[in-house]
Structure formats: C-alpha cells, structure tokens
Amino acid sequence: MPDNNHYDDRTIPARPYPEGPGNQGPGQAPSQGKLVLGGFNSPNTPRPSQQQNQYPQSRPYEPTRDRGPRYPQNAPGYAPATPGVQNQSAIPPYTPAYGQDGDKLPTPGARKRKPSGRATGCLIFGVLLCVLASFGAYTTQRVMAFGSNISTEKNSLSTKTGYMNTSDRVNLLVMGYGGGTHEGSNLTDSMVVISMTPNNQHTSMVSVPRDLWVQVPSNSGNYAKLNTVYQVGSNNGEDRAAGGDAAAQKLAGITGLDVKNWMLIDFEGFRDLINAIGGIDVYVPNSFTANYPKNDDDKTDASWITVRFKKGLRHMDGETAIRYSRARYVTDNPAEGTDFARSVRQQLVIKNTLSKVKQVSSWPNLFNAMDALQKAVYTNMSLADLGLFTMKMDLNSPKTARIGLSFDNVLTSSTSSDGQSILVPQGGDWDQIPKYIDSKLYK
C-alpha cells in the first residue's frame, strides 16, 4: 500500500494550466548522495538574466504540459547547432555433493546399521539438485525469451564483458516516456545518463532537462525540445532502435560522454514493475502539493486530481512513484515545479527501484518482475551486459554524484519563435555543459 502521507483528492474539473503561489517545503533532506544541482530549491537564489531574443518581451521559464508532439520548427537564426557536431560557441545567440566416506562393511552377524546422516543428506541433496536443474532449465528458457523481447541483441546471453572490468567509463542513457497510444506518448519526459567506471564501481547520474532547445534531427536546421529527439528518430515509436540511437547520439554531443548504450522505460510498465517488487521506499526531501492529470490522454479523461507528498521516508506503490516523479503543476512550493526538481525526483525513483531489484528479498518475485519489465523496458544492451552493468553500478554510495543542469550552473531560460518556454546554455556557450559535467563526475 502507498504511504498514508500521499493523498489523492477528489477529481476536480478540467481546467487550463494550474497556477498558484507557494512556500518552500520545510527542512532539508538528509544526505542521499552527492547532489550537484545548485540551489534551485531556494527561492532567493538569483538567476542569470534571460537571454535576449528577437521578441521585445521575454518571460520566465514555465514548463508546459505536452499534449502532443511539438514538431521541429525552422528557426535557423535562433537555436544553436547540434552539440558535438560543430563548434557551439560559434553559433550566434538566440536568436558439492560430498562423496560418502568409505565406511567399512559390517562383519557377518553384526546388526545392520541405519542409514547414516550423510547418506540421507546425499539423497536429499541429489533430489534438490534434480529439482534445481529442472527449474534452471525452465528459468533459462524464460530468461532467454525475456531477453529477446527487451533487447535489440538477438542473443540475449551474449556479452562483451571485456569493457566491464576496465577503468573505461561505461554510459547508459535511460529515457522514460508516457507510453500508450495518445498524442505525445513518445515524448521522453525523463533523460538520465548513468555513468560508471567498472573497476571501482564509481557511479554518477546526469539528468538533462527535456526542454533543452536543440536541432532535431541533427544538422537539419530545425529546432525543437530535447524530448522530441526519440519521437522523431523513431518515427513516433515505429522504430525504437533508431530512436534510441538518435537520442544517445544527441546526449553524447550535449554531455561530452561517450553514450552508446540506451534503455527506454515505458512509465506504464514501470508502474507494474514497482508493484511487482513490493513497492519502493523513497525519502521525499521537500513537501509539495500538485495538480496531476487523471489520465495521460486528455481525450479519454481531461479531469485533474490533487496529489500531496509530505517530507520524509515514504513507501510508494507504482502509481504513487510515477506521480511523484512526473508531477509538474505544483501549487504550494514553486521550486518543486521546475524541470530541475522533477529531474531530482526521477533520479530518486530510478535509484530506489534498481536498488530494490538487486535485493534478495525481491527475488521470489523474479517472474512477476520479468513480466513487468518485458512491457516496460527496451534496450540495445544484451541482457547479460545489462545485468553486469546493473550489478556493478553503485547508486547507494554517499559519493555517488547526482548531477543536474540548471539555472545555477550552465542554463538559462528563453522563448522559442512559436512561444514555447525553453532552456539554452548561458551565453549560448554549449562547451560549458560537458566541462561542468566532467568536473562533477565521481571518478
């Protein structure tokens, strides 16, 4: 059951973009790792002035709810070129079985001895071995079928283990999207690069905001938000592998990390995964209340519900965890309504889910978890390599770096030519983003 400190109020009528002033959530959270996100939780933190553009008036950054695909627009005079493809600084601004002991044979006339404990133990062990062998064969079949369904790799048990024992950094882009068949279902609302050095298990999580303004496709002269890259690259979900490759290439250019591996997470399936492992425990660092769409598809149900999260350690079921990670229309704590705060919450949910999956207590639910994952996950890593990566990464270390791009370090807000609130590098300098990330990685 979800924690009682999370409430779902009665639904309220459908309404436009929710508004409401708020106050900062009480207290500060205990350490959850090396949080490198600047001070965006503080309403007094000064923000850099907005980048000027061709419009006489500018407005603060306000995240908007995507109800459908924002197709790339042609604005060559404004947005920077694709990061990593050309020099961004040159772009104009905005614009055992043991063997039985050799017991001696009884002498003639001697009383027969009862079977020894060791003999009985061997018999039991033999039976268990047969059972486990049968179970193992069945499990192997299930695992191979599971692996072929979630991976582009034809042989799910193949592995490239060489790189998993070196000091070379391995990077995995994790993208979360709404799923389903409604408009905007293939927009990636969450993008986190998990970066890990296998030989020492040093791990970093880099969140990149969805509203970053980039070329889509690369070098096309068309510009859109970062969350459309997968949608466009996959032809709106028709070719997931092509979309994953396009997103990984784009994130590599932005972050400066060699991102070749990617994993897609369907939020609907992720909800089932969390339920299958018995829910997760998440420390909520700041209390907040938010309006949340009752259904991702407003054509099915356009009403809203109110969700509340209270500061402290909370047990969350799948639905609660998804709402916590995606809530954006916050009414009482403005800092929690930003794209940056939402990135922090998504990192917490991903971290605690992966940690729970690795716990022995979750193993009895292996098949249920596999069924849920089969609906939720798609990756270009083989099942074997994904398993090795998951086991080696350490998200619970207090030194794990959690890096977020925000107003307090490298980003500023602006407005696109069609009126969208967007994010761009401060001063139009894309080179500062990989430099900042590199300086904060856990090495």
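Numbering that gives the first Met the number 0 applies: residue 0 is where the sequence shown begins, and numbers increase by one.
Beta carbons are placed, not taken as given, at the ideal position from N, Cα and C, and that holds for glycine.
Keep in mind that this is a model prediction, so the values were computed, not measured.
Run through DSSP, which three-state label would residue i get?
| i | result |
| --- | --- |
| ASN408 | coil |
| GLY403 | strand |
| VAL213 | strand |
| LEU365 | helix |
| PRO292 | strand |
| MET380 | coil |
| LYS224 | strand |
| ARG239 | helix |
| ARG307 | strand |
| VAL281 | strand |
| SER342 | helix |
| ARG472 | Residue 472 cannot be examined here, being either before or after the span of the chain that is shown, 0 to 442. |
| ASP428 | coil |
Could you give the distance in angstroms between the alpha-carbon of residue i and the alpha-carbon of residue j?
| i | j | result |
| --- | --- | --- |
| ASP295 | THR165 | 43 angstroms |
| TYR222 | GLY427 | 15 angstroms |
| SER405 | ILE264 | 24 angstroms |
| ASP188 | ALA240 | 18 angstroms |
| PHE308 | LEU211 | 27 angstroms |
| ASN198 | MET163 | 7 angstroms |
| SER396 | THR202 | 8 angstroms |
| SER233 | SER150 | 16 angstroms |
| VAL205 | VAL348 | 14 angstroms |
| PRO424 | TYR229 | 21 angstroms |
| VAL281 | ARG313 | 5 angstroms |
| GLY178 | LYS249 | 21 angstroms |
| ASP417 | VAL215 | 16 angstroms |
| MET195 | ASN379 | 17 angstroms |
| PRO292 | ALA326 | 9 angstroms |
| GLU267 | ARG168 | 31 angstroms |
| VAL192 | TRP261 | 9 angstroms |
| PRO433 | LEU387 | 27 angstroms |
Keeping to the same chain, check which residues put their C-beta closer than 6 angstroms to that of residue i; ignore five residues upstream and five downstream.
| i | result |
| --- | --- |
| GLN200 | LYS391 and ASP393 |
| GLY242 | TYR229, GLY232 and SER233 |
| SER342 | SER206 and GLY403 |
Once you ignore the five residues that flank residue i on each side, which residues in its own chain have a CB closer than 7 angstroms to its CB?
| i | result |
| --- | --- |
| ILE276 | LYS355, VAL356, SER361, ASN364 and ALA368 |
| ASN290 | PRO17, TRP303, THR305, TYR328 and THR330 |
Keeping to the same chain, check which residues put their C-beta closer than 8 angstroms to that of residue i; ignore five residues upstream and five downstream.
| i | result |
| --- | --- |
| THR352 | PHE269, LEU272, ILE273, ILE276, ILE279 and ALA320 |
| ASN226 | ASP65, LEU186, THR187, ASP188, MET190, ARG209 and ASP210 |
Measure the beta-carbon distance from residue i to residue j and round it to whole angstroms, keeping in mind my assumption that it falls under 8 angstroms.
| i | j | result |
| --- | --- | --- |
| GLN431 | ASN148 | The Cβ separation is near 41 angstroms, so there is no contact. |
| TYR323 | GLY336 | With 8 angstroms as the limit, TYR323 and GLY336 do not qualify as a contact, their Cβ atoms being about 13 angstroms apart. |
| GLY255 | ASP407 | That belief does not hold up - the Cβ atoms of GLY255 and ASP407 are roughly 19 angstroms apart, past 8 angstroms. |
Per DSSP, residue i is paired with what?
| i | result |
| --- | --- |
| SER194 | ASN170 and SER203 |
| LEU422 | LEU211 and SER412 |
| LEU450 | What the structure shows of the chain is the stretch from 0 to 442, and residue 450 is not part of that stretch, so it cannot be assessed. |
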